[in-house]
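Student:
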Amino acid sequence: MKKKTWRATLFSLAIGLLMLVSACGSTEKVNSGETDSKEKEKLRVVTDAAYAPMESMDGDKIVGFDVDIVDAVLKEAGYDYELVHVGWDPLFVELKSKRADIGISSITIDEDRKQTYDFSLPYFESINKILVPEDSNIQSGADLKGKTVAVQNGTTGQTVAEGILGKNNKDIKKFENNVLAIMELLKGGADAVVADNAVVEEYVKNNPNKKLKVVTDSSFPSEFYGMMLPKGSKIKEDLDKAIKKIVENGTYADTYKKVFGSEPNLQELEK
Ligand code: LYS
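The numbers in the numbering used here rise by one with no breaks, and the one at position 190 of the sequence shown is 223.
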């Protein structure tokens, strides 16, 4: 009697397990839409939403240029996705461990990152600029020598500052996000912030009462943003095709105009 019950229990356990396994498989796949019946997984897209106008929080919604671009690209490519604000350092960790599928966060394509990650085609041109108080005498990158500079940790802004002040210089203050770096400048804990042009220019425009200005040093290198992917990602080709498509069909230019109020320089991207 006892033996029989055991067998029955084992049997139903096995059946249950089988059902669970097949259910798991199917919940991870989503149908990608009418025109394309290929089954594609729902992608996890991660960002650091503290970099307006590229990505920032509006209440509990993530908004910005990157948000609109990744939405247009993934719609074009037929992928369902969720966009999650995880923060800058965690974004790298998630992509490295392949927990996330795409990072979009004003991420500059550079040789160092290319060792560990793959990138989509470039979708935005950028350059680091210097944010200082209106009455500052800093007029170029070289003038940052001997000053205290706030940057977001692990950004190309940090690399640029290190190029001038030297690596491991204590006068470079590193913050988890760029909002905190700007706060340090505002409270007098730093003489300057080095960050991407779109972001510092937006800040000055939106906060005239803070009395800050942007200093351009055209010897800083030109950079391009890409969507960052785990190494060996199989979706790169789909993303690249979709990026080309939204540039061709005008969606890219429309989004650009909506956010920046001017026409994008598409030739720079196509190089
Ligand atoms: N574009 C720069 C970089 O990739 C800054 C990105 C900061 C994003 N929160 O390092």
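Each residue gets a CB set at the ideal place from its N, CA and C atoms; glycine is no exception.
Answer yes or no: the CB of Asp-81 versus the heavy atoms of the ligand LYS, is any distance below 7 Å?
Tutor: Checking the Cβ of Asp-81 against the ligand LYS gives yes.
Student: Classify Asp-307 as helix, strand or coil using the three-state DSSP reduction.
Tutor: No statement about residue 307 is possible, as the shown extent of the chain runs from 34 to 304 and does not include it.
Student: Asn-309 lies in the alpha helix (DSSP H); which residues open and close that run?
Tutor: The question about residue 309 has no answer, for the chain in this structure spans 34 to 304.
Student: Pull up the distance between the alpha-carbon of Tyr-236 and that of Ala-275, whole angstroms please.
Tutor: So the alpha carbons of these two residues sit roughly 31 Å apart.
Student: Are Ile-163 and Ala-231 closer than 8 Å when you measure CB to CB?
Tutor: The answer is no: Cβ separation not under 8 Å.
Student: Would Asp-168 and Ile-137 qualify as a contact pair, given that the criterion is a beta-carbon distance under 8 Å?
Tutor: No.
Student: Any heavy atom of the ligand LYS within a distance shorter than 7 Å of the CB on Glu-301?
Tutor: No, the Cβ of Glu-301 stays beyond 7 Å of every heavy atom of the ligand LYS.
Student: Is it right to say Ser-252 is buried, meaning 16 or more other beta carbons lie within 10 angstroms of its own, or is it exposed?
Tutor: Its Cβ having fewer than 16 others within 10 Å, Ser-252 is exposed.
Student: Select from Arg-146, Lys-291, Lys-243 the residue whose C-alpha is nearest the C-alpha of Tyr-258.
Tutor: Cα-wise, what sits closest to Tyr-258 is Arg-146.
Student: Out of Trp-121, Thr-249, Thr-80, Lys-246, which has the shortest C-alpha to C-alpha gap to Tyr-114?
Tutor: Of the candidates Trp-121, Thr-249, Thr-80, Lys-246, the one whose C-alpha sits nearest the C-alpha of Tyr-114 is Thr-80.
Student: Skipping 5 residues on each side, what residues in its chain have a beta carbon closer than 8 Å to that of Lys-206?
Tutor: Thr-181, Val-182, Ala-183, Val-184, Ala-214, Glu-217, Gly-222, Ala-223, listed in sequence order.
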